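Residue numbering for the sequence shown is 1 to 317, as defined by UniProt numbering. Don't be surprised by glycine CBs; every beta carbon is placed ideally from N, CA and C. Computed from a prediction, not measured in an experiment: that's the story for all the values here.
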Amino acid sequence: MRIAILTSGGDAPGMNATIRAVTRTCIYEGIEVFGISGGYEGLIDAKFEKLVQSSVADIIQRGGTILSTSRSERFMTEEGLEKAINSLKIFEIDALIVLGGDGSLRGAKMLRDRGINVIGIPCSIDNDLAYTDFTIGFMTAVETVTEAISHIRDTTEAHCRANIVEVMGRECGDIALYSGVSSGAESIIVPEIPLDMNEIAEKAIMGKNRGKKHHIIIMAEGCGSAFDFAKEFEKFTGIDTRVTVLGYIQRGGAPSIFDRILASELGYLAVKEAKLGNSLALGFKDGIAIKMSFEEIFKIKKVFRHDLLDILKIVSI
1 MRIAILTSGG
11 DAPGMNATIR
21 AVTRTCIYEG
31 IEVFGISGGY
41 EGLIDAKFEK
51 LVQSSVADII
61 QRGGTILSTS
71 RSERFMTEEG
81 LEKAINSLKI
91 FEIDALIVLG
101 GDGSLRGAKM
111 LRDRGINVIG
121 IPCSIDNDLA
131 YTDFTIGFMT
141 AVETVTEAIS
151 HIRDTTEAHC
161 RANIVEVMGR
171 ECGDIALYSG
181 VSSGAESIIV
191 PEIPLDMNEI
201 AEKAIMGKNR
211 GKKHHIIIMA
221 EGCGSAFDFA
231 KEFEKFTGID
241 TRVTVLGYIQ
251 RGGAPSIFDR
261 ILASELGYLA
271 VKEAKLGNSL
281 ALGFKDGIAI
291 KMSFEEIFKI
301 KKVFRHDLLD
311 ILKIVSI
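Here it is as structure tokens:
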């Protein structure tokens, strides 16, 4: 049997740990395993390389992906899809394992619909796949943001300022929400909740009147310009306000313990399911690994954790 693996879309900490788990499980099971360089672009161009034990040595702690990744417009065309399928046939691949987020797993479904055996593993810092509680890489991104805010708070307090911290999340505000709770931020701004400037400003003014020397607001990038918001916030409150855009620092770095364990578990299970000839997506729900059809995962709607937001509002007064 031959299994191939690729990483697609935005990179996420834990991708390398997943590649390691897939590769070593394949070797243990006597299965040939191939890495595809550059995601779906590499699949179209048949950039296959056989992986061996040493290929994945000392990568569990590394961010990024040793296979490299891309966002492929060609794959979304009929010609590109046919070339991708042909590449799998040329290399006699029995199953493909795809690591990525929403778009990547939709691509996996396209291949499945053409008769290719595919296993999808959710890897994304955005945590925007509704069927799984957590995607590989999300918790690491939250830890990165939380650590950064600890540094930002020090200088913000020293100058008695407010700081608007922009984090990733165009449509899903989970990074802002979870890092808001874990960092002790005063307020968050997320796509799922309408912006209420009066509420945020009043909270800051009340804090200032009590002698509070800092005010941290975490803003998901999908909510507009952090710089425009900062200007309005400063007008409302009279508090000197700065902006910090964390950017791509959120994608990098060593994966957290949680992400390493989740990556190892899902990578192992992916090989087991591929060996059975199954095509499905893996995930993590209520503390255990789950498997679900590609049809099901895209029908489920993402539910925002209003309970966590309520907790944040109470404990950050």
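I need the boundaries of the alpha helix (DSSP H) containing residue i, first residue and last residue.
{"i": "H214", "result": "It is not in any alpha helix (DSSP H) - H214 carries neither H nor E in the DSSP assignment."}
{"i": "T140", "result": "F138 to A158"}
{"i": "G42", "result": "G39 to I44"}
{"i": "Y178", "result": "D174 to S183"}
{"i": "V271", "result": "I257 to K275"}
{"i": "K313", "result": "H306 to V315"}
Less than 6 Å between C-beta atoms, sequence neighbours within five positions excluded: which residues of the same chain meet that for residue i?
{"i": "A230", "result": "I164, T241 and V243"}
{"i": "I14", "result": "A small correction: the amino acid at residue 14 is Gly; Ile does not occupy that position in the sequence shown. Here the set comprises I136, G137, P255, D259 and A263."}
{"i": "R74", "result": "I44 and G80"}
{"i": "G101", "result": "G9 and S124"}
{"i": "A108", "result": "V98, V118 and G120"}
{"i": "E234", "result": "T241"}
{"i": "G252", "result": "G63"}
{"i": "L67", "result": "T7, G35 and S37"}
{"i": "C26", "result": "I3, V33 and V271"}
{"i": "K302", "result": "A130"}
{"i": "T237", "result": "A201, A204 and I205"}
{"i": "I314", "result": "none"}
{"i": "S87", "result": "L43 and A46"}
Residues in the same chain with beta-carbon distance under 8 Å from residue i, minus the five sequence neighbours each way, listed in chain order, please.
{"i": "E221", "result": "E166, V167, M168, G169 and R170"}
{"i": "F34", "result": "R2, I3, A4, I5, F48, E49, K50, L51, F91 and I93"}
{"i": "E157", "result": "K213 and H214"}
{"i": "R114", "result": "L81 and I85"}
{"i": "residue 329", "result": "Lying outside 1 to 317, the shown extent of the chain, residue 329 is not represented and no answer is given."}
{"i": "V145", "result": "V165, V167, I175, S179, S183, I218, L246 and Q250"}
{"i": "residue 319", "result": "With the chain represented from 1 up to 317, any question about residue 319 goes unanswered, as that position is not in the structure."}
How would you write the range of the beta strand (DSSP E) that residue i sits in, first residue to last?
{"i": "M15", "result": "Per DSSP, M15 belongs to no beta strand (DSSP E); it is in the alpha helix (DSSP H), M15 to E29."}
{"i": "S187", "result": "S187 to I189"}
Given residue i, which residues of its chain have a CB within under 7 Å of its CB, disregarding the five upstream and five downstream residues?
{"i": "S104", "result": "S8, G9 and V98"}
{"i": "E192", "result": "G173 and F304"}
{"i": "R71", "result": "G9"}
{"i": "E265", "result": "A289"}
{"i": "V181", "result": "L308, I311 and L312"}
{"i": "A270", "result": "V22, I97, I119, I121 and L282"}
{"i": "V142", "result": "I175, Y178, S179 and S182"}
{"i": "Y268", "result": "A21 and T25"}
{"i": "T18", "result": "L99, I121, C123, I136, A263, L266 and G267"}
{"i": "V56", "result": "I19, R20, T23 and R24"}
Under 8 Å from any heavy atom of the ligand ATP, does the C-beta of residue i make it?
{"i": "F294", "result": "As far as ligands go, the structure on display features none, and thus does not contain the ligand ATP."}
Run through the DSSP bridge pairs and tell me what residue i is partnered with.
{"i": "G35", "result": "I5 and E49"}
{"i": "E166", "result": "M219 and V245"}
{"i": "G283", "result": "I290"}
{"i": "I119", "result": "I97 and L280"}
Taking one C-beta from the segment 25-40 and one from the segment 150-157 each time, how about it: are there three or more such pairs within less than 8 Å?
With the cut-off at 8 Å, the segment 25-40 and the segment 150-157 do not touch.
Determine contact between the segment 40-55 and the segment 285-292, defined as no fewer than three beta-carbon pairs at a distance below 8 Å.
No: the two stretches stay apart, fewer than three of their Cβ pairs being nearer than 8 Å.
Below 8 Å, can you find three or more Cβ-Cβ pairs linking the segment 54-62 to the segment 300-315?
Not touching, per the Cβ criterion.
If we require 3 or more residues per run, which beta strand (DSSP E) segments fall completely within the segment 51-117?
Within the segment 51-117, the complete beta strand (DSSP E) runs of at least 3 residues are 95-100.
Contained alpha helix (DSSP H) runs [length at least 4] in the segment 194-243, N- to C-terminal order:
Assignment of alpha helix (DSSP H) within the segment 194-243, counting only whole runs of 4 or more residues, yields 197-209 and 226-237 in chain order.
Would the segment 183-200 count as touching the segment 123-135 if we require 3 or more Cβ pairs under 8 Å?
No: the two stretches stay apart, fewer than three of their Cβ pairs being nearer than 8 Å.
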